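Numbering (the numbering used here), first residue to last: 14 to 318.
The beta carbon of each residue, even a glycine, is placed where N, CA and C say it ideally should be.
Note that the structure is a prediction, hence the values are computed from the model and not measured.
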Ligand SMILES: [Fe+2]
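This is the structure:
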């Protein structure tokens, strides 16, 4: 029988993973053990705190459903998501900046014709026309590229957070495919800044620690061109009061768009415009390469069952 002291326990646990066949898995597990043990030593973690942590993580898991991801939210508010993003995108070479995927990449992103109106149902909001273009690093257009978009409504909710999602399905989310000139465009409403969900353990932590739960208004984009790094990003609405205090630390200056307030009678595709309306213009520049492309959450759940 081997008995370990506080001092040699860490080395023993690290060694216990020595025969892990996958070298990367072995490395990740051994480093995780070292970091966790350091944390316990540094904080002199007591039993009540250990139990609270276990219960907190249990509640976080129990809050997850096929359309709700409390663990992504936890990763986001602890800055882990942005740190993973940062270490994987150190050299941008002029490519568009990336940011968090977030917990609302959910369900079907139905391909729609350019110009479609993806406004959320039964919700008021100011009209917005979004025009965009996808290019390589030299500004050459990338054609036929699928671009998934999703955003919150005027009340600050995603479709999957509302009871109507179960019966009416997705809204304010879609897929567009770039044309020969790399362009795509659509209609929607100006999204609002929103609080992350506060009815779960992550939101409780934010409120109890006196942090505010808000994210600055934005539209999510996932641009996935073959032969290029998948681009997971947002375009933020310029002037939002939470740009400097995003609860998930995801804001980057380059991703803030100046949304123009317009009163022209026609939108850029020549169709009649409601008054007034807003114009978002943003170009995405992709870097050659590859990488993992996330799947919307319900799609993952359906594939596994
Ligand atoms: Fe979002």
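Contact test: residue 117 Cβ vs ligand 1 heavy atom, cutoff 7 Å: As a first step, residue 117 is located in the chain shown; it is residue number 104 there, counting from the start. Flag set: Cβ of residue 117 near ligand 1.
Does the structure place the stretch 232-248 close enough to the stretch 176-184 that three or more beta carbon pairs sit under 8 Å? no
Presumed contact (8 Å Cβ cut-off) between residue 243 and residue 306, rounded CB distance: As a position in the chain shown, residue 243 is number 230, starting the count at 1. As a position in the chain shown, residue 306 is number 293, starting the count at 1. Contact holds; Cβ gap of about 5 Å.
Report the rounded CA-to-CA distance for residue 42 versus residue 211, giving the unit in angstroms. The sequence position of residue 42 within the chain shown is 29, counting from 1. The sequence position of residue 211 within the chain shown is 198, counting from 1. Answer to the nearest angstrom: the Cα atoms are 32 Å apart.
Reference residue 289; option with closest CA among 148, 218 and 274: Mapped onto the chain shown, residue 289 falls at position 276. Answer by Cα proximity: 274.
Does at least one heavy atom of ligand 1 sit under 7 Å from the Cβ of residue 165? As a first step, residue 165 is located in the chain shown; it is residue number 152 there, counting from the start. Residue 165 Cβ: within cutoff of ligand 1.
Excluding the 5 residues flanking residue 284 on each side, which residues of the same chain have their C-beta closer than 8 Å to its C-beta? Locating residue 284 in the chain shown gives position 271, where the first residue counts as 1. Here the set comprises 128.
Alpha-carbon to alpha-carbon, residue 260 and residue 162: What you label residue 162 is simply residue 149 of the chain shown in a count that begins at 1. What you label residue 260 is simply residue 247 of the chain shown in a count that begins at 1. Residue 162 and residue 260 have their C-alpha atoms roughly 21 Å apart.
Between the alpha carbons of residue 152 and residue 206, how many angstroms are there, rounded? What you label residue 152 is simply residue 139 of the chain shown in a count that begins at 1. What you label residue 206 is simply residue 193 of the chain shown in a count that begins at 1. Rounded to whole angstroms, residue 152 to residue 206 spans 31 Å at the Cα level.
Kindly list the residues whose CB is nearer than 7 Å to the CB of residue 109, restricted to its own chain and excluding five residues on each side of it in sequence; keep chain order. Position 96 of the chain shown, counted from the first residue, corresponds to residue 109. Same-chain partners within the cutoff: 244, 246, 297 and 298.
How do the stretch 132-147 and the stretch 184-200 stand: do at least 3 beta-carbon pairs fall below 8 Å, yes or no? The answer is yes - the stretch 184-200 touches the stretch 132-147, with three or more Cβ pairs under 8 Å.
Measure the alpha-carbon distance for residue 190 versus residue 99 and round it to whole angstroms. Numbered from its first residue, the chain shown carries residue 190 at position 177. Numbered from its first residue, the chain shown carries residue 99 at position 86. Computed Cα separation, rounded: 28 Å.
DSSP three-state assignment for residue 315, whether helix, strand or coil: As a working mapping, residue 315 is identified with position 302 in the chain shown. In this prediction, residue 315 has a pLDDT of 45, which is less than 50 and means its spatial position is unreliable; what the coordinates show is noted afterwards. Of the three classes helix, strand and coil, the one that applies to residue 315 here is helix, per DSSP.
DSSP on residue 272, reduced to helix/strand/coil? Here residue 272 corresponds to residue number 259 of the chain shown, with the count starting at 1. Residue 272 falls in the coil class under three-state DSSP.
Residue 231: CB within 7 Å of a non-hydrogen atom of ligand 1: Sequence index remark: in the chain shown, residue 231 carries index 218 (1-based). The answer is yes for residue 231.
What residues match up with residue 145 in a beta bridge as DSSP calls it? The count along the chain shown starts at 1 and reaches residue 145 at position 132. DSSP lists 197 and 295 as partners of residue 145.
Those runs of the beta strand (DSSP E) which lie wholly inside the stretch 235-292 and span at least 3 residues: 244-250 and 273-275
Should the stretch 63-70 be called in touch with the stretch 231-238, which here means at least 3 C-beta pairs below 8 Å? no
Other residues of its chain near residue 69: CB distance less than 6 Å, five sequence neighbours each side excluded: If you number the chain shown from 1, residue 69 lands on position 56. So the list reads 214, once near-sequence residues are dropped.
Sheet register partners of residue 301 (DSSP bridge): Walking along the chain shown from the start, residue 301 turns up at place 288. DSSP output for residue 301 lists 241 as bridge partner(s).
Under 8 Å between the Cβ atoms of residue 202 and residue 120? Against the chain shown, residue 202 aligns to sequence position 189. Against the chain shown, residue 120 aligns to sequence position 107. With contacts defined by Cβ atoms closer than 8 Å, residue 202 and residue 120 do not form a contacting pair.
What does DSSP give as the partner residues of residue 163 in its beta bridges? Within the chain shown, residue 163 is the residue found at index 150, counting from 1. In DSSP, residue 163 forms a bridge with 186 and 233.
Can you tell me whether residue 211 is helix, strand or coil according to DSSP? Translated into positions along the chain shown, residue 211 becomes position 198. Coil, per DSSP.
Which residue or residues does DSSP assign as beta-bridge partners of residue 228? Here residue 228 refers to the residue found at position 215 when the chain shown is read from its first residue. According to DSSP, which records beta bridges pairwise, residue 228 is partnered with 207.
Sort out for me which residues DSSP pairs residue 154 with in a bridge. Along the chain shown, read from residue 1 onward, the residue named residue 154 stands at position 141. Beta-bridge pairing links residue 154 to 148.
From what residue to what residue does the alpha helix (DSSP H) around residue 319 run? As shown, the chain starts at 14 and ends at 318. That puts residue 319 outside it, with no answer to give.
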